[in-house]
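Residue numbers (our numbering): 551 to 1684.
From the three backbone atoms N, C-alpha and C, an ideal C-beta is built for every residue, glycine too.
These numbers were taken from a predicted model, which means no experiment stands behind them.
Comments concern the structure below.
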């Protein structure tokens, strides 16, 4: 008869009698803290069991003591049952009995019970006590063992294969073992591959352990808990601290670009710290937000871009070097536990924590230069003037050449006697190049970490100062991060995270396409006429631009030097978490967190510059004070089940509030340029202020079941409420279910070396989206009006109490595979997502007093395929080559609008049957070869000189392109040889179409008084019968339909924005441990790095990566090319 084991833990503590109550309390508390540091060897155990599996003994040890039992699942397969009856015996005695005659052994520490392979020739005693004997007098071989990051490893088994002596490394990774030069050492540690190293010298042997992915059950953050990667059934992409470090990115979202399947990351503008667009598996909404939510250490942080003057990234207040890992929950089966806001995916960010051991000091410094990735090829002085001559001739065919040149000379303020030889000798002044510079970048990092078996800490600080490649732009950031954990008792643990940051960012006025674009060097300088000097002979600015016709009559460099666009973002976010082990299988986790930001911005137009001169200076100050409060309370229950069965259940509630106060004040008329405060303004022209807020309440239940890590089932139910919706529709229910089957663990898979893992996953779930205006369901009234001299209010918007959640229903099917002893690994996934009840503005009749109302209307579909493939292509003794590749295919379609409409009123880019962000433009047909005039297609497909507006059903010979890529991804190759590492990362995007309004402005090649791109000049029509797509130059627009120049916004300016880019290359060298030991350093690394090094693309503009927003003819006015950067850095640890 099989007996159930009984297990009792006895702790005996004697409290001495003392004389006073105060002393008694002191001794009592000292005894309590002493109890928290009792090691396993002080525990007395009762156990009774007959023919019980060894796994049962281990389970009891883990449940009833503070020990964590660590072992590989396959280790227990060869063990035999044991019969043990002990009462009040030390744990070592119980374990010795359990492991007697077993094929494996154990190592016991204060916190862990680790199962290890038994040493040959019954060397188990040396394994447990680090003893070894030999009858022959031998040398002492000394060395260190570390991981790939340079961290010293404790508890590594080192075996001399010749004499069979074994030992273990200490907490500093140091070992000493009997042996000689030439002996072969066998190195082994749980979770790492076995290594064999030949002794080359008696002292200073350095060994680097490589993680064995087949042995190590990687733990992934999945939401409110963690889960073994092997047992995950949802779709989750992740990157590690090594990936983030290699990216050398300014912001964490930049580090994700190209490294995760299904996650599309695009830049907006090439200034440091600029805003980034992140979409997970395509856009799932028309008017609501499409960005994922960001959760740092369990707390949602604000990622709303509130920048007014510069393209600022709201995530720039987090130092990427403080991040341990980033996980992205891509499907509803994984993300629905977050309910509200999770429709667009969830980005989970885990910051670095301290580890038990002595104090570790990490220092880092990098310095580098930045330069624009690309500049445009513009016309020189001779090309511009010749194009201007042709424009006059084509406009007035009866003119002689002399008449046309006279018009050119007059308009250009040249003497009428100017000769063609003088024109040929004219210099070209590169205004575009003058707008850019080689910036510098410096970053300093310091981190202190350490801890004990009861507490851990990590505190870090960083300072970064980067000059942009465009004049007038820079980015400075200072951060401090603190992570602290304290296990007060065996059952109570407190964790806290605090992040403080100050970010300052300057940007040239108009850099994001504001009304001051003509003062923005990035926009205006390429169009300034090339024969106009930038500086006078004495080095001062040349202000003679004001005498030329046209728009660009101001000296942009002078304006940039005097004017100012500055944004400051000071932030504090942190949380406090309490973990309480109510029972051995029931844990409570409570969290409170706050994210507070103080954002101020100022736009100053100097009275000496043309922008502020007419009003004696202008100053506009803005402020935003967003605040997010979060609290969550979660119970985690893990019942005891028969061997092989595991059940984890989470149940919790969460409450979040967000509020923001905003405002701005404009002042004009300052005594002089030295007075730059509103108090000095002669007139306060205007001032505004507003408040907004939202509250969310949610509850959830999540259950994960596994059997032998072979069969997996997960279910989630989330019930969420949002104040943004009507009274009867505030709450929504969002379910999800997923399952997994690891076929490789089945008995019919005979070759486990060939197929290490083959896990099938399938899941379905629903998530909600409430990313609309906070008061869309309510009628709003505003002040600022008067009636008959009295202050009053007026109706601003019409509410809709029937508003409800947008809902996303996602089906996901995937395969995770690991093959050939972990040499090849990856995943394949397919998804189908329907977004319904979309929140849209619907026009209504004016008789109601309003023009529109928000309702739940429409439906969008996203579907796609994702592939990830990784391989250890070479794993030789000293040389390793690892490659990782991912590619994502996506398709998007609007499937339904309201009232049987096929086009959304007010936005003809939203059309049933087409993708979101479709370009609907007049169809450009090219150039009529006989005349050089531009022609278009009409609605029936006939050629016409007079273009119309594009309507649904009109002739579109090449279809209606859209801004979404057909596929995108990345490819990384890493080569390691004896401490030298070379990493190359390529990122690519294919099939995306970009409407380049900036190229439209630069395509006029002499049609007007602005400079243009040389390509248009080189390919212009000049002779009858010539085949080209570029029309002839014509002065003005008086010819047929006003579009003789061909610069009408049309499909002519749609460009293929496909590209492949060498995004990052990193060459590093880790100094050998034998060198470092002499200077008491634990690690040291030198590295060289280059970013955005080379791009292959057909795109003619600055950068094909830039994303656009808004309608189909959205301008990328003032866009700044991405920065190419080169860095030299050093990292050292003590």
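Run of the alpha helix (DSSP H) containing residue i, from where it starts to where it stops
| i | result |
| --- | --- |
| residue 1110 | 1106-1112 |
| residue 794 | 791-797 |
| residue 970 | 970-974 |
| residue 933 | 931-945 |
| residue 726 | Element bounds for residue 726: not the alpha helix (DSSP H) but the beta strand (DSSP E), 724-729. |
| residue 922 | Taken as a continuous stretch (DSSP letters only), residue 922 belongs to no alpha helix (DSSP H), being part of the beta strand (DSSP E) at 907-922. |
Test item: CB-CB of residue i and residue j under 9 Å
| i | j | result |
| --- | --- | --- |
| residue 1007 | residue 998 | yes |
| residue 868 | residue 899 | yes |
| residue 1514 | residue 1483 | no |
| residue 1042 | residue 1169 | no |
| residue 758 | residue 726 | no |
| residue 1315 | residue 1360 | yes |
| residue 695 | residue 737 | yes |
| residue 1354 | residue 1425 | no |
| residue 1522 | residue 1434 | yes |
| residue 550 | residue 844 | A question about residue 550 goes unanswered here, because the residues of the chain that appear run from 551 up to 1684. |
| residue 915 | residue 1520 | no |
| residue 1016 | residue 992 | yes |
For residue i, the first and last residue of its enclosing beta strand (DSSP E)
| i | result |
| --- | --- |
| residue 1027 | 1024-1037 |
| residue 1646 | 1633-1647 |
| residue 989 | 989-1001 |
| residue 1136 | 1136-1155 |
| residue 1270 | 1261-1272 |
| residue 1673 | 1673-1683 |
| residue 1526 | 1517-1527 |
| residue 636 | 632-640 |
Cβ shell of residue i (< 7 Å), same chain only, five flanking positions each side left out
| i | result |
| --- | --- |
| residue 1165 | 1218 and 1219 |
| residue 651 | none |
| residue 1356 | 835, 838, 893, 1318, 1319, 1385, 1387, 1388 and 1389 |
| residue 906 | 1001, 1002, 1003 and 1006 |
| residue 1086 | 1092 |
| residue 1075 | 981, 982, 984, 985 and 1106 |
| residue 1589 | With a pLDDT of 49 at residue 1589, under the threshold of 50, the modelled position of this residue cannot be trusted; read the value that follows with caution. The answer is none, since no qualifying residue turns up. |
| residue 590 | For residue 590, the pLDDT reaches just 40, beneath the cut-off of 50, and the residue's location in the model is therefore unreliable, although a value from the coordinates is still provided. Contacts found: 615, 617, 641, 658 and 660. |
| residue 1576 | 1479 |
Spatial neighbours of residue i in its chain, beta-carbon cut-off 8 Å, leaving aside the 5 residues before and after
| i | result |
| --- | --- |
| residue 1414 | 812, 831, 832, 1380, 1381, 1438, 1439, 1440 and 1441 |
| residue 1461 | 1444, 1452, 1453, 1454, 1468, 1470, 1502 and 1510 |
| residue 810 | 787, 788, 789, 878 and 1436 |
| residue 647 | 632, 634 and 636 |
One or two residues paired with residue i in a DSSP bridge
| i | result |
| --- | --- |
| residue 1409 | 1386 and 1446 |
| residue 1243 | 1209 |
| residue 1015 | 992 and 1026 |
| residue 1392 | 1403 |
| residue 523 | Outside the shown range of the chain (551 to 1684) lies residue 523, about which nothing can therefore be said. |
| residue 926 | None; residue 926 has no bridge partner. |
| residue 710 | 735 |
Residues of its chain near residue i, where Cβ-Cβ distance is below 6 Å and the 5 sequence neighbours each way are ignored
| i | result |
| --- | --- |
| residue 1493 | 1475 and 1485 |
| residue 1235 | 1216 and 1218 |
| residue 1140 | 1128 and 1183 |
| residue 1645 | 1609 and 1611 |
| residue 1188 | 1135 and 1198 |
Min CB distance residue i to chain B below 9 Å
| i | result |
| --- | --- |
| residue 1250 | Any reference to chain B falls outside this structure, which holds one protein chain only. |
**Message:** Any contact between the stretch 1193-1211 and the stretch 1161-1178? By contact I mean 3 or more CB pairs, one from each, below 8 Å.
**Reply:** yes
**Prompt:** Does the stretch 1627-1640 come close enough to the stretch 776-791 to have 3 or more Cβ pairs within less than 8 Å?
**Reply:** no
**Message:** I'd like to know if the stretch 1530-1540 and the stretch 1558-1572 are in contact, where contact means that at least 3 CB-CB pairs between them fall below 8 Å.
**Reply:** no
**Prompt:** Are the stretch 1333-1343 and the stretch 1399-1412 touching by the rule of at least three beta carbon pairs closer than 8 Å?
**Reply:** no
**Prompt:** Does the stretch 1195-1206 come close enough to the stretch 1245-1252 to have 3 or more Cβ pairs within less than 8 Å?
**Reply:** yes
**Message:** Under 8 Å: do the stretch 1018-1029 and the stretch 948-962 share three or more Cβ pairs, one atom per stretch?
**Reply:** no
**Prompt:** Would you say the stretch 1268-1278 touches the stretch 1291-1307, given that touching needs at least three Cβ pairs under 8 Å?
**Reply:** no
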